[in-house]
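Top to bottom, those sequences are chains A and B.
With this note's numbering, letter number 41 in the first sequence gets 41, and the count goes up by one each step, no holes.
With this note's numbering, letter number 126 in the second sequence gets 126, and the count goes up by one each step, no holes.
Backbone N, C-alpha and C fix where the C-beta goes; we use that ideal spot for every residue, glycine too.
Small disclaimer: the values here were computed from a predicted structure and weren't measured.
What follows is a short report on a single structure.
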Amino acid sequence: MQLYQMTARELHRRIVNKEVSAVEIANAVYQRIETVDEKIKAYITLLKERALERAGAVDAKIAAGEEIVPLSGIPIAVKDNVCMSGVRTTCASKMLYNFVPPHNATAVEKLEANVAVLLGKTNLDEFAMGSSAENSAFFVTKNPWAADRAAGDGSAAAVAAGEAICALGSDTGGAIRRSAAFCGLVGMKPTYGAVSRYGLVAHASSLDQIGPITRDVTDCALMLNAICGHDSRDSTSVNLSVSDYTEYLINDVRGLKIGVPKEYLGENIEPEVREAIEAATEKYSSLGALVEETSLPHTKYALPAYYLIAAAEASSNLARYDGTRYGYRAENPEDVLDMFIRSRSEGFGEEVQRRIVLGTYVLSEGNYDTHYLEALKVRTLIKQDFDRAFEKYDVLISPTAPSPAFKIGEKAGDPVQMYQSDICTLPVNLGGIPALSIPAGFVNGLPVGMQLMAKPFNEGMLLRTAYSFEQNTPHHCKYPEL
Amino acid sequence: MAQYEAVIGLEIHVELKTNTKIFCTSATEFGVDPNAHVCPGCMGMPGVLPVLNKQVVEYAIRAGLALNCTIADFTRFDRKHYYYPDLPCNYQISQNYFPIAKNGYVEIETEKGKKKIGITKAHMEEDAGKLVHQGNIATTPYSLVDYNRAGMPLIEIVSEPDIRTPEEARAYAEKLRSIIQYTGVSDCRMEEGSLRCDVNVSVRPVGTTELGTKTEIKNLNSFKAIQKATEYEIERQIDILEEGGSIVQETRTWDDNKGITISMRTKEEAHDYRYFPDPDLVPLVIDREWVESIKATLPELPDRRKSRYISEYGLPEYDAIILTQTKETADYFEDCLKVFPNPKTVSNWIMGDLTRLLNANNMEISECKIKPQQLAEMLKMMDRGTISGKIAKTVFEEMFTSGKDPGTIVKEKGLVQISDEGAIAAIVEEVIAKNPKSVEDFRNGKDKAIGFLVGQVMKASKGKANPALVNKLLREKL
């Protein structure tokens, strides 16, 4: 097994035992990037010099006999909508092609405090709007399992292709979980407020959350340990005493009550995906969990409500990109208004403009009550569905996406069909609850993801449930051939 | 010609005197270099989030209480969207749906007596930056943006349309400034923009209750401008109606030089602000105990203080109103009284000579070099007869420029009043000897002539002779 294929936990063990140095690991990963990224196109920006310096610092600590924390020296990719001080943060948009923020995201700051080795910035749909990284202004990221298929985003593709060990992703309607599912990885959207949003370029503030994409559940727990916690720079950040999430890595689901909402296994779910999920729930039964069908009756309203709320917030959050202070500015504007209009028309891609228009419409006078407020009411109903379900169940299970990774270009011309890829994940963002995607099997050589959902701040329950599955199934041990 | 009445409402923006901005930790200091007090937050950098300054909420509650408002149990921030290069996020964080304070009032004095002007609401919001044009806005090749002011904390106080005349509008604005200044939450300096005023005006035939179409006059930066612009706008609207025209709902600006209002934008160009709750800020549940503790620290407000001056010090109402208009003046007055407890004399000096000199030098009482104790000391010297009223005027002017103690000035310039009868008598003899004509006139019954003689004695004594004694001695001798 190659170094770039190992988990963070395994690499940590080897660094501590002096079997390998952090610089060797970093070099192995950069070597891998040089070999395969031409094909995968996961990265927008690489930070090799800076990364090797950090790796060297870890090795110096080891040489000095100092203790290191689990993520020290671990190569981690960062989605390019998370700010790194002095490093360009493009959001895969022409609008920010040259934007270098003066500030670090809190999640980045925390990883750097752990002396993680931040490799570079990964591709995404422009401003995280999309489900496949096809809306990137720069290039499309390919799925390491099949080059003609969508990866979801660059962070997941990088980890799956061995171009990173772990990654930071962002999840507004399911990007972390969907990308993890498409690439055969573990991805978690933590509870809203559990990870600071400071430094995450906003798409839809009430839905956005930063989270980890990893090879296995153990690494997911290690990443959570590093990035969770209260941040005074984010008013929505919650002040909880963060426990050690690795304590939840327990291979035991006996007596656990698992609900399978029938709305998530309807006809829009591909039969092979449904079968994989059914096989997984049978697995849980065989391990001693109590699995039964349940219902989240308002699920069908989630998609329209989500797109109204997300678009409304996006139209507001993206108003600041006007060519005045940073980013793209149209050449030779006639006046201020012309500068605004042309900078935005030329700087934003089609999908972003579509959502800005939708969001502007939704919030405009006369539509606010009939559209935006109605969507908020639906959001409340969806939350209540979850509340009721979690009175009875410890965990809910669903597919992460209706299908395995779809073909690049397949849905690109049809935004509504593209939005459908998120039907299983976006209710979670509306509800603010945590959810995790874990590989549940393979269909035609493509990974299928299973989504586990729990009540707010019960990330530990997700880890325990996922860990038990992982320990009793072989899916996480597969690597794409590249 | 029909009789018209105006319906006027004011929106007043008050900048709060906090050390840091409303949603970040940048400093609020006035008059620094452009963009000296900015950070990624108030520059609207991607990924940066607003964090509310608690002091702003406290000040807003304080102001709300002073304006007799109900303080909300639940308050929240909303985004107000419009594009302008000085607005970093192209939305302003403001309050629309759940303002911090509502349903208050301010009492003003009118020709017909006291009148209550209702306050609809007072809400918190952030200020925008400002554009600096090269020369004229219309012809400038480019404009520069200074974001120092972006994110400064404001409260916007919206009145009910209870105001009927330009004088009332001015009185309301002045009263409101006075109250806010008392609370200490703002300097309310119109010239620095820490108090800014928009006026909504409509007219209707007397006796009708339906509201006419209104216009809004933006950014009036003096009380005089509030009154003048409102006067102009009322007449303009009446003229249009009289000629059979109709009023266009629009935003207008006041040209102070020309004394007219000019159209800025019409209703068709009006913004749809697309308010919605700011998802980056959590709603606030206001703790009642906190509100009560703020209430407990409110100072005596101008109206209470005015009444007390009338009842406790026996001052005329006019004096009481003037003295209590600003907290600084009222405090100055009371500090004087501690040393020289004669309210009317102190009031006369403050309203007279002190105000005259402050106005002439364009100064606030807080900048005055004469400390209240020094003024009181001077008044004591007058009272004891050490200096005459005339000398006091000279001493006072010297105190105003140098800030020296009155005793020092009197000593340095040898200004002590001569009350020694012998010394004055000698001068009187001399003056009588030198002015036989006037002496004769007086003796022939021309009483006026004595005034000339008194003047001559005063002149000879360099103004130091006690005038009462001079008069008495002259009459005796003649």
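Starting from residue i and walking both ways along the alpha helix (DSSP H), at which residues does that stretch end?
{"i": "lysine 189 of chain A", "result": "Per DSSP, lysine 189 of chain A belongs to no alpha helix (DSSP H); it is in the beta strand (DSSP E), 186-189."}
{"i": "aspartate 146 of chain B", "result": "Unbroken run through aspartate 146 of chain B is the beta strand (DSSP E), 143-146; no alpha helix (DSSP H)."}
{"i": "lysine 295 of chain B", "result": "288-296"}
{"i": "leucine 463 of chain A", "result": "459-471"}
{"i": "glutamine 420 of chain A", "result": "415-420"}
{"i": "tyrosine 172 of chain B", "result": "166-183"}
{"i": "glycine 113 of chain B", "result": "Here glycine 113 of chain B belongs to no alpha helix (DSSP H); instead the beta strand (DSSP E) covers 113-126."}
{"i": "alanine 426 of chain B", "result": "421-434"}
{"i": "leucine 446 of chain A", "result": "Unbroken run through leucine 446 of chain A is the beta strand (DSSP E), 446-453; no alpha helix (DSSP H)."}
{"i": "phenylalanine 223 of chain B", "result": "223-242"}
Starting from residue i and walking both ways along the beta strand (DSSP E), at which residues does that stretch end?
{"i": "arginine 204 of chain B", "result": "195-205"}
{"i": "isoleucine 157 of chain B", "result": "153-159"}
{"i": "isoleucine 397 of chain A", "result": "395-399"}
{"i": "isoleucine 93 of chain B", "result": "91-94"}
Using the Cα positions of residue i and residue j, report the straight-line distance between them to the nearest angstrom.
{"i": "glutamate 346 of chain A", "j": "isoleucine 356 of chain A", "result": "14 angstroms"}
{"i": "proline 85 of chain B", "j": "histidine 203 of chain A", "result": "22 angstroms"}
{"i": "lysine 39 of chain A", "j": "alanine 280 of chain A", "result": "32 angstroms"}
{"i": "arginine 265 of chain B", "j": "glutamate 216 of chain B", "result": "10 angstroms"}
{"i": "glutamate 247 of chain A", "j": "glutamate 470 of chain A", "result": "16 angstroms"}
{"i": "lysine 262 of chain A", "j": "alanine 389 of chain A", "result": "12 angstroms"}
{"i": "isoleucine 44 of chain A", "j": "threonine 294 of chain A", "result": "43 angstroms"}
{"i": "tyrosine 232 of chain B", "j": "valine 248 of chain B", "result": "16 angstroms"}
{"i": "glutamate 242 of chain B", "j": "asparagine 200 of chain B", "result": "20 angstroms"}
{"i": "leucine 52 of chain B", "j": "valine 201 of chain A", "result": "20 angstroms"}
{"i": "alanine 101 of chain B", "j": "isoleucine 176 of chain A", "result": "42 angstroms"}
{"i": "isoleucine 481 of chain B", "j": "leucine 318 of chain A", "result": "Missing from the structure shown is residue 481 of chain B; chain B here goes from 1 to 478 and no further."}
{"i": "glycine 44 of chain B", "j": "leucine 87 of chain B", "result": "9 angstroms"}
{"i": "tyrosine 313 of chain B", "j": "threonine 345 of chain B", "result": "11 angstroms"}
{"i": "serine 194 of chain B", "j": "threonine 140 of chain B", "result": "27 angstroms"}
{"i": "phenylalanine 276 of chain B", "j": "leucine 118 of chain A", "result": "37 angstroms"}
{"i": "threonine 355 of chain B", "j": "leucine 478 of chain B", "result": "42 angstroms"}
{"i": "histidine 81 of chain B", "j": "threonine 209 of chain B", "result": "34 angstroms"}
{"i": "asparagine 103 of chain B", "j": "lysine 121 of chain B", "result": "6 angstroms"}
{"i": "glycine 455 of chain B", "j": "isoleucine 432 of chain B", "result": "12 angstroms"}
Within its chain, find whatever has a CB closer than 8 angstroms to the CB of residue i; leave out the 5 residues flanking it on each side and keep chain order.
{"i": "valine 100 of chain A", "result": "Gly86, Val87, Arg88 and Thr89"}
{"i": "proline 402 of chain A", "result": "Asn268, Ile269, Glu270, Val273, Gln420, Ser421, Ile423 and Cys424"}
{"i": "isoleucine 424 of chain B", "result": "Ile418, Val457, Ser461, Ala465, Asn466, Leu469, Val470 and Leu473"}
{"i": "phenylalanine 406 of chain A", "result": "Ser132, Arg149, Ala150 and Ser421"}
{"i": "glycine 56 of chain A", "result": "Ala22 and Val23"}
Excluding five sequence neighbours on each side, which residues of the same chain lie with their C-beta closer than 7 angstroms to the C-beta of residue i?
{"i": "tyrosine 467 of chain A", "result": "Val217, Leu249, Ile250 and Asn251"}
{"i": "valine 253 of chain A", "result": "Tyr284, Leu287, Gly288, Ala289, Thr465 and Ser468"}
{"i": "leucine 65 of chain B", "result": "Ile71, Ile294, Lys295 and Leu298"}
{"i": "valine 428 of chain A", "result": "Lys189, Ala435 and Met453"}
{"i": "arginine 170 of chain B", "result": "Phe223, Ile226 and Gln227"}
Excluding five sequence neighbours on each side, which residues of the same chain lie with their C-beta closer than 6 angstroms to the C-beta of residue i?
{"i": "proline 399 of chain A", "result": "Ile269, Val273, Ile277 and Cys424"}
{"i": "glutamine 325 of chain B", "result": "Ser178"}
{"i": "phenylalanine 386 of chain A", "result": "Gly431 and Ile433"}
{"i": "valine 33 of chain A", "result": "Reading off the sequence, residue 33 of chain A comes out as isoleucine, not valine. Cβ within range, chain order: Glu163."}
Got a sec: does the ligand GTP put a non-hydrogen atom nearer than 7 angstroms to the Cβ of residue i?
{"i": "alanine 173 of chain B", "result": "Ligands in the displayed structure: none, and consequently the ligand GTP is not present."}
Check whether the Cβ of residue i lies closer than 8 angstroms to any Cβ atom in chain D.
{"i": "serine 286 of chain A", "result": "Annotation note: the requested chain D is absent from the structure, which comprises protein chains A and B."}
Positions along the segment 230-242 of chain A whose CB lies within less than 8 angstroms of some CB in chain B: Cβ contacts with chain B: Ser232, Arg233, Asp234, Ser235 and Thr236.
Completely contained beta strand (DSSP E) runs for the segment 100-178 of chain A, where each covers 3 or more residues: 117-122, 146-150 and 166-170
Chain B contacts made by the segment 307-324 of chain A, where a contact means CB separation under 7 angstroms: Ala312, Glu313, Ser316, Ala319, Arg320, Asp322 and Thr324
Any alpha helix (DSSP H) of 4 or more consecutive residues that is wholly inside the segment 239-303 of chain A: 271-286
Cβ-based contacts, 8 angstroms cut-off: residues of the segment 99-123 of chain A near chain B: Phe99, Pro101, Pro102, His103 and Ala105
Interfacial residues, the segment 334-354 of chain A to chain B, with Cβ spacing under 9 angstroms: Within the segment 334-354 of chain A, the residues whose Cβ lies closer than 9 angstroms to some Cβ of chain B are Val336, Leu337, Met339 and Phe340, listed in chain order.
Near-chain A residues of the segment 135-152 of chain B (beta-carbon distance less than 9 angstroms), N- to C-terminal order: Ser143, Val145 and Tyr147
Contact residues within the segment 62-92 of chain A, judged by C-beta distance below 9 angstroms to chain B: Contact annotation: in the segment 62-92 of chain A, residues whose CB is within less than 9 angstroms of a CB in chain B are Asn81, Val82, Cys83, Thr89 and Cys91.
Interfacial residues, the segment 149-181 of chain A to chain B, with Cβ spacing under 8 angstroms: Going along the segment 149-181 of chain A in chain order, one finds no residue with a Cβ nearer than 8 angstroms to chain B.
Whole runs of the beta strand (DSSP E) within the segment 51-89 of chain A, excluding any shorter than 3 residues: 75-79
Interface positions of the segment 256-286 of chain B facing chain A (Cβ-Cβ less than 7 angstroms), listed along the chain: Asp272, Arg274, Phe276, Pro279, Asp280, Leu281 and Val282
Interfacial residues, the segment 75-102 of chain B to chain A, with Cβ spacing under 7 angstroms: Arg79, His81, Tyr83, Pro85, Pro88, Cys89, Asn90 and Tyr91
Residues of the segment 25-55 of chain B with Cβ closer than 8 angstroms to any Cβ of chain A, in chain order: Pro40, Met43, Gly44, Met45, Pro46, Gly47, Val48, Leu49, Pro50, Val51 and Leu52
Where the segment 193-217 of chain A meets chain B: residues whose CB sits under 8 angstroms from a CB there: Arg197, Tyr198, Gly199, Leu200, Val201, Ala202, Ala204, Ser205 and Ser206
Contact residues within the segment 360-382 of chain A, judged by C-beta distance below 8 angstroms to chain B: Thr360, Leu363, Ser364, Glu365, Tyr368 and Tyr372
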